[in-house]
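Take a look at the structure below.
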Amino acid sequence: MADKIKFALALLLLAAGVAGFYLLAERAMILRVLAVFAGFGLGALVAWQTEPGRQFFGFAKEATVEAKKVVWPTRKETLQTTGLVFAFVIVMAAFLWLTDKSLEWVLYDLVLGWRKT
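The numbering of the sequence shown is my numbering, which starts it at 1489 and goes up by one.
Here's what the structure looks like:
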């Protein structure tokens, strides 16, 4: 039950930060943004004190570790892959255009006998 109360408090703090953004409409933008950050930070701090919050932050930490293991492509590999994608798109566009025009010719000229002018 205590975790649910803490989580509700965290949501209220987050909502208070967003509400502060709108209530401080006449103030400088930096104060409005700081209100949102303060609400988010305090809400995260309170949520971290709950068991689901600890599990979530543990999961986020593990996800960060896994993301660091990713091998990103080099610039050359990225450009080659992008070039292949563009070439495939052009070939497919030409194929679909030829297919469309062929079906149009078959249906309108041969089957129905309509002539376009």
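Cβ coordinates follow ideal geometry from the N, Cα and C atoms, glycine included.
Span of the alpha helix (DSSP H) around residue i
| i | result |
| --- | --- |
| Gly1601 | Neither: Gly1601 is in no alpha helix (DSSP H) and is coded neither H nor E. |
| Met1580 | 1563-1592 |
Simplified DSSP state of residue i, which is helix, strand or coil
| i | result |
| --- | --- |
| Pro1436 | The structure shown does not extend to residue 1436, since the chain is modelled only from 1489 through 1605, so no value can be given for it. |
| Lys1557 | coil |
| Met1489 | coil |
| Arg1515 | coil |
Exposure label - residue i; buried when at least 16 CB within 10 Å
| i | result |
| --- | --- |
| Leu1502 | buried |
| Ala1498 | buried |
| Gly1571 | exposed |
| Phe1583 | exposed |
| Val1534 | buried |
Test: residue i CB closer than 8 Å to a CB of chain D
| i | result |
| --- | --- |
| Asp1588 | The chain labelled as chain D is not found in the depicted structure, where only one protein chain is given. |
Inter-stretch contact at 8 Å, needing at least 3 Cβ pairs: the stretch 1530-1550 / the stretch 1489-1500: The stretch 1530-1550 is in contact with the stretch 1489-1500.
query = Can you find at least 3 beta carbon pairs, one from the stretch 1539-1554 and one from the stretch 1518-1529, that sit closer than 8 Å?
reply = Not touching, per the Cβ criterion.
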